[in-house]
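Structure record follows, encoded as structure tokens.
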Amino acid sequence: METSLERFFAIIGKDMNTMQQRVAVRAVIISEGKVLILRESSAYKGGTNHGKYDFPGGKINPGETIEEALRRETKEECGLQIVPGKLIAVEEWRPKVPEGQLQIFGLFYICTLRPHFEVVLGRDHDDHKWIEPRHLEEYPLTDATRATVKSLLKLIGM
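1 is the number of the first residue of the sequence shown in UniProt numbering; add one for each residue after it.
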């Protein structure tokens, strides 16, 4: 069976000269048996998934470690402080943006919360939900999130 990192390196070799590429992180935050998802706001001008749910996250800035990016993006998008854990999935998506086509490689990590938390949404999201993992697929999810949910359900034996 192919590991997440093997999948990443198999994908990254494709289309390297024709598209702008980005590496992004996503925090699959689990608390009290539920997973946090955020809905992209239609007011988010840079967004390509209006009305769909995703895990908190975003691009890794130059010089930033994966853990730093996970912590920063989660704090920016929903005000939470997390403890990054295990890599559970690597996914690819190709949004069309005003500048052209992007190729994004997303690294999805299981994360836990630091004590005393309250979700405070940033400007790019307009809703959040804490959902039991088995019910996640009932929501309008981005394609990469939907694929990661399948990995998550396998990991936790559902």
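For every residue, glycine included, the Cβ atom is placed at its ideal position computed from N, Cα and C.
Within 10 Å of its beta-carbon, does H125 have 16 or more other beta-carbons around it, so buried, or fewer, so exposed? buried
T142 to G85, Cα distance in whole Å? 22 Å
Can you check DSSP and say which residues form a bridge with E40? H125
Assuming contact is defined by CB atoms lying nearer than 8 Å, are V35 and L136 in contact in what I supplied? yes
How big is the Cα-Cα spacing for S41 and T48? 10 Å
Could you check the C-alpha separation between R114 and D54 for me, to the nearest Å? 21 Å
State the beta-bridge partners of E92 as determined by DSSP. F105
Where do the N-terminal and C-terminal ends of the alpha helix (DSSP H) with V149 fall, by residue? 143-155
Taking DSSP as the reference, what is the three-state secondary structure of I29? strand
Please look up how many angstroms separate the CB atoms of P140 and G51, rounded, as I've assumed it's under 8 Å. 6 Å
When burial is assigned at 16 or more other CB atoms within 10 Å of the CB, is E118 buried or exposed? exposed
Residues near R26 in its chain [Cβ-Cβ closer than 6 Å; skip 5 each side]: F55, G57, G106, F108
Taking DSSP as the reference, what is the three-state secondary structure of R22? strand
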